[in-house]
Structures are given as structure tokens and as C-alpha cells.
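Peer 1:
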């Protein structure tokens, strides 16, 4: 690119970052919410920045400094991550790791779970590029743990998708396809938490297509790759390096070598023109070498494998100047972290000594106050308890006296009522005799007049019984109510019989009052016992008295 064009891009990006320096970068890899400005700037880097690492790095450095000035830790962390991505695409892992290390120190110091999860993931993925399996999985697990902590604090479960995707991609690169499938299945469990247009959904579809191709379903894999190809072309054109490479694999596995070669070359063109995924190009040349060899193009195969080895040595040889820090970053991080922890520990010890002195004095004052408070409390409690006990005794005696008085009054009124009923019985007996005589129609009274007198006497009997019931209910207010609630199947005559039993009437008196024979009363009492479901050993009179 001409020098003037590079300068224009550098100035444009710098201006964009300065104008929008107050907004926070989002985690584009994990599809966190981001505003349009952040997405626009990221796309500028994605499309132009990797071709011009100096320009994009300069703009990101400005954003990083502005973030620190505004105390926006997460934005500062993401600025460093983006810087690491810029250098990683160029294969400059030294600078990439320098910035990730700085980001990790910042995230660890600020104790932000989101920041730590993002940096841990990036470091884990970088270790996987060097086939450092143990270190890669260690940092990926740390990233996943941070995401789970975020969920415990209320973050949506969709954040787990990118954590599992990082594992799936790592095991894809290491050709551990069983583990790749397990983590893809884990991703699928949480896809429903993501928006339909989520970036993570498309990266999941990419990994799924690669996995399907590995299962020998090459045509299905081709369909899946082509479905997502337009989206990557529009939103992540640099990722076409990987997309075209794996498309080439699908065509190769189908025996369509010409199309396979075309896609491998397309991947190389995207890498070169966009300056992205340059450390992935050795793998593409290796695939081309195998393809040429199978087509008996030995010269092309030799040139491709030679190119692959040169690029592999450039990007991944641990003895090179760019990559030697990779093997030392973890130790450097732990060393720096230990120094910080030792300093913090010393400060805590000094603070603890001061706190212990203050705490001892506070405990002494508090203990004295508590003892005095307890003594006053005991005295007050004893006084209140004595007063309460005396009041309770007075209330109890009043209540017992009232109950006893009410019981005596009820018994007295029931006796009066019983005496009144006995008089009614005698009166009814007399009236019955008179009624029998009048019924014969003898004497000076004619038969018509006798019938009128008999009817008047019968009506008077009904009124007497109604008056008795009213007085009985007034004295024994809850008797009928309890009787109806416990035994709703009792008839009116059954209720009357219960009332007479409660008043201690004999069967003879009940028979006279109810105008029936004593035998009928015994029969009625037996039926009543059945309705009340009384066992043989329970006395009817005692049962009714307790209602």
C-alpha cells in the first residue's frame, strides 16, 4: 500500500478512537452487548487494521490510555486484548503476549470476573496454537470458572457458550474430536439464551460444520459452510481464512481436488490481503502440499511444504526472538502476582495489628457496657415477670369466678325451665282429660263448639312447646348450634328429645310432653343413639350433657 494511503488510514482510525474514546469496548468474541460506535470501530480494525498493525495499534493505545484516565477498567482490558489480537494475526506472539499479560494483571488487580474470563480465554487459545495442551486447558478452565461466577451473580447463562466454544476450537486444532463433540454439545445447551443474530451462534455453526465433516458427512458440511459464508464475509471477513480452509478440506474429502485447491488459495489470498491469521498459513500450505502430491504435482508439493516449514519456524519456533516469551509468560505472571500478594500481605499485617489494638479497646468498652446492660435487664425482667405473674393470677381467678357464676346461673335457669315444663306436663294432662270429655260431646256444649275448644287447646300446646324451645335456646345458646354442626342429620323431633334429655327428664315425662307412649320414647332414644353413632358403653345423657 502506498505510504500516503497508510498514513490516511492511520489518521482516520486515530480520529475515530479519539472521538469515541468514552465508550466501552465489548467482548466481540462472546457477543456481549455493544453500541454501534464500538462495533463500527472493531469492524475498521477487522477489515483494515490487520493490514496496518501500526495504525490500529496506535489507535488502540490511545483508547487504552483514555480508558485508564476515565477509570474504565473493562474498556482498558479490552483495548489490550484487541492489541494482542492485532499482533497475533501478524504472527508476532511476543507483542501479543506482552499485551495479554498486561491485560491479565489489570483484570486480576481489578478483580472483574468478565475481564478475567476474557483474558484467560485469549491466553488459553494462544497456548493451544503451540500445542501446549496442559497450559491451554488450565487457562480455558479459569475462563469458564469466571463465567460461572458471573452467572451466580445474575449474568445470563449465554456467556457459557463462548467458554465452551473455546474448548471446542482448541480440541479441533489438536484433532481430539471426541472432546470437540462434547464441548459442542455443551454449547448447544445454552444457545437458546442467545439472540438469533448473536455472533456466537455463527461461530458455533462453523465449529459444528467442521465436526460434521470430520464425521464423513462431507456434503452436509459443505451445506453448513455455505450457509454461514455470507455472514462471515460481511461481519468477520478475516475469519474467511479458516472458513475457506475447511471448505477446501470438505472438497478434498469428496475427491473434488480442483475446488479444494481453489479454496485453499482463496484462504491464502484473504490472509495476505487482510493481514490476518498469518500464523495459520503454514497449515494451509501443508494441505496444499498433500493435495499436490496426490495429484502427482511433486514440484508444487515440494514448494508448498517448504513454504509451510519456513512459516512454521517463523511463527512457532520457540527459539525465535518473537516467540521465546511464550514459554515464560506464565512464570512471569505468577512472579509478578506473588510480589503483589506479598506486598498486599505485608500491608494487611500492619493494618491487622492496628485493627487488633482498636478492636481490643472496643471489646473492653463493649464488654463493660454489655455487663451493665445485662444487670439492668435482669432487674427489669424480674420486675416485669413478677408483675405479669400477679396480673395473670388475678385474671385467672376472675375468669374462674365468672365461669363458675355462669355455670350456676345456667343450672338455675335450667332447673326453672324444667319446673316450668313439669307444670306444662300437668297442665297438658289436665287439658287432655278435658279434651277427651269434650270429644264425647256430652253436656250443654254442642259438638261444634267442642271441636273449636279442642282445636284451641291443640294450638295452645304448640305455642307452649315453641315458648319452651325459645327459652331453652336462650339459656343454652351454643347447644343447638353445636348439635347441628356435629350431627346435621338429626330431625326436629330428635333435637327436641336431646333438649329434654339435657334437662334430665325421665322417659315418662318425655312421653307425656311429646304425646307418645313410654315404649315409643325408648325406641326413639335407641334411634337417636344410632344417629349419634354412640358405642354401647357410652351414656346418652352424659354425651348430650357435654355438647
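Numbering (mature numbering (1 follows the signal peptide of the UniProt record, and there is no 0)), first residue to last: -26 to -1, 1 to 521. Note that beta-carbon positions come from the ideal geometry of N, C-alpha and C, so glycine has one too. Remember, it's a predicted structure, so these values are computed and weren't measured experimentally.
1) Looking at residue 87 and residue 148, is the spacing between their C-beta atoms short of 9 Å?
2) Using the C-alpha atoms, what's the distance from residue 61 back to residue 69?
3) Can you say whether residue 440 is buried or exposed, counting buried as having 16 or more other CB atoms within 10 angstroms of its CB?
4) Give the straight-line distance between the Cα atoms of residue 188 and residue 222, rounded to the nearest whole angstrom.
5) Is it the case that the Cβ atoms of residue 240 and residue 218 are separated by a distance below 9 Å?
6) Do you know offhand how far residue 144's Cα is from residue 101's?
7) Would the beta-carbon of residue 92 fall within 9 Å of that of residue 52?
8) Relative to the alpha-carbon of residue 477, which residue among 212, 182, 520 and 278 has its alpha-carbon at the smallest distance?
9) Note down, in chain order, each residue of its chain lying with its Cβ closer than 8 Å to the Cβ of residue 366, except the 5 sequence neighbours on either side.
10) Give a yes or no on whether the C-beta atoms belonging to residue 80 and residue 97 are separated by under 9 Å.
11) Is the CB-CB distance between residue 522 and residue 250 below 9 Å?
12) Consult DSSP for residue 468 and reduce its assignment to one of helix, strand or coil.
13) In the structure shown, what three-state DSSP assignment does residue 124 receive?
14) How is the alpha helix (DSSP H) around residue 79 delimited, first residue to last?
15) For residue 117, collect the residues of the same chain with a Cβ closer than 6 Å to its Cβ; drop the 5 residues on either side in sequence, then sort them by chain order.
16) Out of 146, 268, 59 and 66, point me to the one whose CA is closest to residue 289's CA.
17) Assuming residue 225 contacts residue 261 under a Cβ cut-off of 8 Å, what Cβ separation, rounded to an integer in Å, is found between them?
18) What's the gap between the Cα of residue 336 and the Cα of residue 322?
19) Could you check the C-alpha separation between residue 73 and residue 342 for me, to the nearest Å?
20) Taking all protein chains shown into account, do 16 or more other C-beta atoms lie within 10 angstroms of the C-beta of residue 510, making it buried, or fewer, making it exposed?
21) For the alpha helix (DSSP H) containing residue 516, list its first residue and its last residue.
22) For residue 63, name the three-state secondary structure that DSSP assigns.
23) In angstroms with no decimal places, state the Cα-to-Cα distance between residue 122 and residue 41.
24) Taking residue 246 as the reference, give the member of 333, 329 and 64 with the closest Cα.
25) For residue 236 and residue 183, I'd like the C-alpha separation in whole angstroms.
26) Rounded to the nearest angstrom, what separates residue 146 and residue 140 at their Cα positions?
27) Measure the C-alpha to C-alpha separation of residue 446 and residue 364 and round it to an integer number of angstroms.
28) Looking only at its own chain, which residues have a Cβ that is under 6 Å from the Cβ of residue 131, when we skip the five neighbours before and after it?
29) With a 10 Å radius around its C-beta and 16 neighbouring C-beta atoms as the bar for buried, classify residue 268 as buried or exposed.
30) Tell me the DSSP secondary structure of residue 508 in three-state form.
31) I'd like the span of the alpha helix (DSSP H) that includes residue 175, first residue to last.
32) Since residue 138 is in the alpha helix (DSSP H), which residue starts that stretch and which ends it?
33) On the criterion of 16 or more Cβ atoms from any shown chain inside 10 Å, does residue 338 qualify as buried, or is it exposed?
34) Tell me the DSSP secondary structure of residue -2 in three-state form.
Peer 2: So, from the data block:
1) Not a contact, by the Cβ cut-off of 9 Å.
2) For residue 69 and residue 61, the distance between alpha carbons rounds to 6 Å.
3) With fewer than 16 Cβ atoms within 10 Å of its Cβ, residue 440 is classed as exposed.
4) C-alpha separation (whole angstroms): 13 Å.
5) Going by beta carbons, residue 240 and residue 218 fall inside the 9 Å limit.
6) Each residue's alpha carbon lies about 9 Å from the other.
7) Remark: C-beta atoms of residue 92 and residue 52 approach each other more closely than 9 Å.
8) Of 212, 182, 520 and 278, the smallest CA-CA separation from residue 477 is found for 520.
9) Nothing listed; no residue qualifies.
10) Contact: no.
11) A query on residue 522 cannot be resolved here, the shown segment of the chain reaching from -26 to 521 and no further.
12) Residue state, collapsed to three classes: helix.
13) Helix.
14) Its alpha helix (DSSP H) spans residues 67 to 84.
15) A distance below 6 Å between beta-carbons, with the five flanking residues on each side excluded, links residue 117 to the following residues of its chain, in chain order: 91, 94, 95 and 137.
16) Closest option to residue 289, judged by alpha-carbon separation, among 146, 268, 59 and 66: 66.
17) Actually they are not in contact, since the Cβ atoms of residue 225 and residue 261 sit about 11 Å apart, beyond 8 Å.
18) Taking the straight line joining both Cα atoms gives about 20 Å.
19) The straight-line gap from Cα to Cα measures roughly 57 Å.
20) With fewer than 16 neighbouring CB atoms inside 10 Å of its own CB, residue 510 falls in the exposed class.
21) Taken as a continuous stretch (DSSP letters only), the alpha helix (DSSP H) holding residue 516 covers 514 to 519.
22) In this structure, residue 63 counts as helix in the three-state DSSP scheme.
23) Straight-line Cα distance between these residues: approximately 27 Å.
24) The option with the nearest alpha carbon to residue 246 is 64.
25) CA-to-CA, the gap between residue 236 and residue 183 works out to about 19 Å.
26) Computed Cα separation, rounded: 10 Å.
27) Rounded to whole angstroms, the separation of the alpha carbons of residue 364 and residue 446 is 39 Å.
28) Cβ within range, chain order: 125, 164 and 167.
29) Here residue 268 is exposed: its Cβ has fewer than 16 other Cβ atoms, across all protein chains shown, within 10 Å.
30) If DSSP states are grouped into helix, strand and coil, residue 508 belongs with coil.
31) From DSSP, the alpha helix (DSSP H) with residue 175 extends over 173 to 188.
32) Counting along the chain, the alpha helix (DSSP H) containing residue 138 begins and ends at 133 to 147.
33) Only exposed fits residue 338, as fewer than 16 other CB atoms lie within 10 angstroms of its CB.
34) Low local confidence applies: a pLDDT of 36 at residue -2 is under 50, so the model's placement there is unreliable, with the coordinate-based value given in what follows. Three-state result, residue -2: coil.
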